[in-house]
Amino acid sequence: MPPNAIDSSFDMDTENNSKTNNQGLQEIVSGSYLIAIFQSALNLLAHILIGVIVGITLHVGFQSGLPLEPIQQHIVLCVLGYQLLMAEAILSLCPHNGWSNRLQLEDKRKAHWILQILGSILAIAGSIIKALDNDVNWNTYHGQFALVALVFTTISLVNGLASLYAYEFRKVLPGNWSKITHICFGIVAFGASCITLCYGFDKLIFRNWASESADTLIAFTVIFTFIILINPAITFFNKSKRVIKMYS
Ligand code: HEM
1 MPPNAIDSSF DMDTENNSKT NNQGLQEIVS GSYLIAIFQS ALNLLAHILI GVIVGITLHV
61 GFQSGLPLEP IQQHIVLCVL GYQLLMAEAI LSLCPHNGWS NRLQLEDKRK AHWILQILGS
121 ILAIAGSIIK ALDNDVNWNT YHGQFALVAL VFTTISLVNG LASLYAYEFR KVLPGNWSKI
181 THICFGIVAF GASCITLCYG FDKLIFRNWA SESADTLIAF TVIFTFIILI NPAITFFNKS
241 KRVIKMYS
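Residues 1 to 248 (the UniProt record's numbering) make up the sequence shown, in order.
Here is the structure:
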């Protein structure tokens with residue numbers, strides 16, 4: 001390669017680098033760099049809290065060894081389904097999410113629906129196991145919020161397919177509507193599962209084991225649920241605003 005070719009690419013690189021530096025500088029000045037760092041830090045915090053909650057719950061579930069009693073199967077399956085897999089399914093689409101932000105949109109979507117289907121199966125199985133084990137159903141706040149989570153998870157699963165095939169279903173259901181309703185049902189399902197878990201941590205069988213730490217676990221659950229739901233809530237409002245503008 002002639003020396004001038006090297007020189008010109010070197011010049012281009014230098015030019016690109018200085019452009020990137022200028023862009024970075026502009027971002028810092030405009031504050032968007034700081035916001036991006038803050039959002040990445042929140043994402044990291046959410047992952048740490050998910051790890052703590054899922055880890056502690058699995059420890060409680062498996063502490064008396066195998067085979068697991070129905071209550072233990074219930075705790076393990078519900079927390080793995082909702083607080084691990086479904087949480088990661090929602091986070092996979094977040095632009096600041098550590099493990100998925102390098103994935104192409106198509107692969108992010110694949111990761112989302114695979115995690116969502118697996119999480120829903122585990123969560124639904126864990127809920128049904130305990131409901132069948134109970135003599136009376138849906139008479140506690142824990143059970144009632146779990147029922148809301150169960151119903152919205154099931155609707156969101158079916159509705160998610162409509163979102164995935166939005167183009168094919170466009171004559172029956174306009175693409176925007178299937179996406180907006182999917183986000184809304186998903187937020188309700190995940191939010192209700194968080195409230196259910198908090199009531200679960202408040203149960204005597206859990207408090208006997210965790211004593212005052214149960215309150216810390218409740219606080220951790222509320223914090224990571226809030227962080228996880230910020231991004232879908234923003235997407236929901238932006239998409240709704242666009243649809244309302246289209247019809248007005
Ligand atoms: C996201 C997590 C959880 C979900 C979705 C969930 C869901 C459910 C469901 C569907 C039932 C049956 C309700 C009924 O038949 O009325 C139930 C019952 C029960 N769960 Fe959970 N659960 C979760 C976490 C926990 C945790 C962490 C504990 C900890 C001890 C727990 C303890 C119980 C107990 C003792 C019952 C029987 C009493 C009752 O129905 O309130 N659950 N749960």
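We put the CB at the ideal spot given by N, CA and C, even for glycine. Small disclaimer: the values here were computed from a predicted structure and weren't measured.
task: Decide if Ile227 is buried, meaning its Cβ has at least 16 other Cβ atoms within 10 Å, or exposed.
output: If you draw a 10 Å sphere on the C-beta of Ile227, you find 16 or more other C-beta atoms in it, and that means buried.
- prompt: Do you know offhand how far Leu157's Cα is from Leu164's?
  reply: Whole-angstrom Cα-Cα distance: 11 angstroms.
message: Rounded to the nearest angstrom, what separates His59 and Asn176 at their Cα positions?
response: Separation of His59 and Asn176 (C-alpha to C-alpha, rounded to the nearest whole angstrom) is 42 angstroms.
message: At the 9 angstroms Cβ level, is Leu85 part of the contact set with chain D, yes or no?
response: No chain D is part of this structure, which consists of one protein chain only.
- request: Work out the CA separation of Ser127 and His96 for me, nearest whole Å.
  value: So the alpha carbons of these two residues sit roughly 31 angstroms apart.
query: CA-CA distance, His142 and Val148?
result: Near 10 angstroms, if we compare the C-alpha coordinates of Val148 and His142.
- prompt: Any chance the stretch 31 to 48 sits against the stretch 199 to 217, with 3 or more Cβ pairs inside 8 angstroms?
  reply: no
- prompt: In this structure, does DSSP put residue 249 in helix, strand or coil?
  reply: Because the chain is modelled from 1 through 248, residue 249 falls outside the range shown and cannot be assessed.
query: Straight-line CA distance for Gln39 to Ile230?
result: 10 angstroms
message: Using CA atoms only, rank isn't needed, just tell me which of Ile180, Thr153 and Ile50 is closest to Leu217.
response: Ile50
message: For a minimum of 4 consecutive residues, which ranges assigned as the alpha helix (DSSP H) are wholly contained in the stretch 23 to 104?
response: 32 to 62, 70 to 78 and 87 to 91
- prompt: Are Thr221 and Leu197 close, meaning C-beta to C-beta below 9 angstroms?
  reply: yes
task: Counting only the same chain and skipping the five closest in sequence on each side, list residues whose C-beta sits under 6 angstroms from that of Leu77.
output: Leu122, Ala125 and Gly126
task: Would you kindly report the start and end of the unbroken alpha helix (DSSP H) that includes Asn208?
output: Boundaries of the alpha helix (DSSP H) around Asn208: Leu204 to Ala210.
query: Just curious, the alpha helix (DSSP H) that Val222 is in, first and last residue?
result: According to the DSSP assignment, Val222 belongs to the alpha helix (DSSP H) that extends over Ser213 to Tyr247.
message: For the ligand NAP, I want to know if Gly126 counts as a neighbour, meaning its beta carbon is within less than 8 angstroms of at least one of the ligand's heavy atoms.
response: With respect to the ligand NAP, the structure offers nothing, as its ligand set consists of the ligand HEM.
- prompt: Say the cut is 8 angstroms; is the CB of Ile230 nearer than that to a heavy atom of the ligand HEM?
  reply: no
- request: Have a look at Asp11 and Gly31 and give me their C-alpha separation to the nearest angstrom.
  value: Below a pLDDT of 50, predicted positions are generally treated as unreliable, and Asp11, at 47, falls in that range; the measurement from the model is reported next regardless. Looking at the two C-alpha atoms, the distance is approximately 30 angstroms.
query: DSSP on Asn137, reduced to helix/strand/coil?
result: coil
query: Taking Cβ to Cβ, would you say residue 279 is nearer than 9 angstroms to Ala131?
result: With the chain covering only 1 through 248, there is no way to say anything about residue 279.
task: Could you work out which residue in Gly160, Gln73 and Leu150 is closest to Thr181 when comparing CA atoms only?
output: Gly160
task: Give every residue of the same chain whose Cβ lies closer than 7 angstroms to the Cβ of Arg242, excluding the five residues on either side of it in the sequence, and list them in chain order.
output: none
- prompt: Beta carbon of Leu118, beta carbon of Gly61: below 9 angstroms?
  reply: The criterion of a C-beta distance shorter than 9 angstroms is not satisfied by Leu118 and Gly61.
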